[in-house]
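Asker: Okay, here's the structure, questions in a sec.
In the working numbering, the protein residues as written are 388 to 697.
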């Protein structure tokens, strides 16, 4: 009788090349609909029987789910930070939690820039109007937007993605301001072309940053949803305290504040930061590497909770 193969659960389809690799050493149960998040009850029923979970960011793996998963050996997250996994509960059960290295920087910075440009130049509004049969004329002032070239960009936290955004801003001859808890060495500031200012000064001076900025400012968020108070943002946009916004992440994903939806000066995308085919394939293969290592009794290369191997 052939030995039983381990079972790995995935809530949505993954790139075929990664799936094929996974199927060489495990049985796989995978959700078929990439347009919807799998219902919690369905995911729980599958995870109860699983040896491994190929974890996607929208899969909420809490203590109750972990307690129900008696055979689970690895939660392999396709995220840099497993924010939707109860790592403490997993560690208590000696379940390995793995992540991916920071390989999403450039793709996220690209999307940040796309949202900035779309919000400034009212791209989504123009697209929607054209589809409704509205074409006001090639020199009409109906969709006048904001200039980007030569303006100022304020970056709160000049980390990996912030630096990548700053590099793109230099191509638009923008003045780059930044603020963070610890100021960068002057050599790093010169390399990025950024000037350190206080948060208050940044919000007052930048054309593209935050809710408390000037009335001509735009808020762009591709970082973490809870960084922005969406109710306050809606209020600021309605009162024209800021000019517009571009959001890829949300305070309570997958819920989007209903007040944002009718606002035409806001561009909304469904957390697409790393949604580039080649990159997602690379990310998926890292997850498969981690799963394979654990199921083979080896220490995985991207272990988040090393205590389970102590």
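Just so you know, even glycine gets a beta-carbon here, dropped at the ideal spot from N, CA and C.
To the nearest whole angstrom, what separates the beta carbons of residue 641 and residue 467, a pair I think is in contact under 8 Å?
Answerer: About 19 Å; that fails the 8 Å criterion.
Asker: Compare the beta carbon distance of residue 694 and residue 478 with 8 Å and say whether it is the shorter of the two.
Answerer: Their beta carbons are under 8 Å apart, which means residue 694 touches residue 478 by this criterion.
Asker: Span of the alpha helix (DSSP H) holding residue 676?
Answerer: 664-682
Asker: Could you round the C-beta distance between residue 394 and residue 436 to whole angstroms and report it? I think they count as a contact, below 8 Å.
Answerer: Indeed, because the Cβ distance is near 6 Å, the residues count as touching under 8 Å.
Asker: Give the single residue among 411, 590 and 659 whose Cα lies nearest to the Cα of residue 628.
Answerer: Nearest neighbour of residue 628 by Cα position, chosen from 411, 590 and 659, turns out to be 590.
Asker: In the stretch 441-522, which residue ranges form an unbroken alpha helix (DSSP H) of at least 4 residues, counting only runs that do not cross its ends?
Answerer: 450-455, 474-479, 492-507 and 510-518
Asker: Using 8 Å as the threshold, is the stretch 611-627 in touch with the stretch 397-410, meaning 3 or more CB pairs across them?
Answerer: Too few Cβ pairs lie closer than 8 Å, so no.
Asker: So with Cβ pairs under 8 Å, would you call residue 396 a contact of chain B?
Answerer: The chain inventory of the structure shown lacks chain B, comprising one protein chain alone.
Asker: To the nearest angstrom, report how far apart residue 450 and residue 511 are at their CA atoms.
Answerer: 41 Å
Asker: Are the CB atoms of residue 660 and residue 638 nearer to each other than 8 Å?
Answerer: With a cutoff of 8 Å on beta-carbon distance, residue 660 and residue 638 are scored as not near each other.
Asker: Terminal residues of the continuous alpha helix (DSSP H) containing residue 549?
Answerer: 547-557
Asker: In the DSSP assignment, find the beta strand (DSSP E) that holds residue 564 and state where it starts and stops.
Answerer: 562-566
Asker: Check the C-beta distance from residue 663 over to residue 502 and give it rounded, since I have them as a contact under 8 Å.
Answerer: About 15 Å separates the two Cβ atoms, so there is no contact after all.
Asker: Which residues does DSSP pair with residue 335 in a beta bridge?
Answerer: Residue numbering for the chain in the displayed model covers 388 to 697; residue 335 lies beyond these limits and cannot be assessed.
Asker: What is the DSSP secondary structure of residue 636, counted as helix, strand or coil?
Answerer: Residue state, collapsed to three classes: coil.
Asker: Would you say residue 419 and residue 433 are within 8 Å of each other, going by their C-beta atoms?
Answerer: no
Asker: Report buried or exposed for residue 538, applying the criterion of at least 16 other Cβ atoms within 10 angstroms of its Cβ.
Answerer: buried
Asker: Whole angstroms is fine: what's the gap from residue 541's alpha carbon to residue 566's?
Answerer: Distance between the alpha carbons of residue 541 and residue 566 is about 8 Å.
Asker: Give the secondary structure of residue 594 by DSSP, where H, G and I count as helix, E and B as strand, and everything else as coil.
Answerer: coil
Asker: Assign residue 573 to one of three DSSP states: helix, strand, or coil.
Answerer: Assignment of residue 573 by DSSP, reduced to helix, strand and coil, places it in the helix class.
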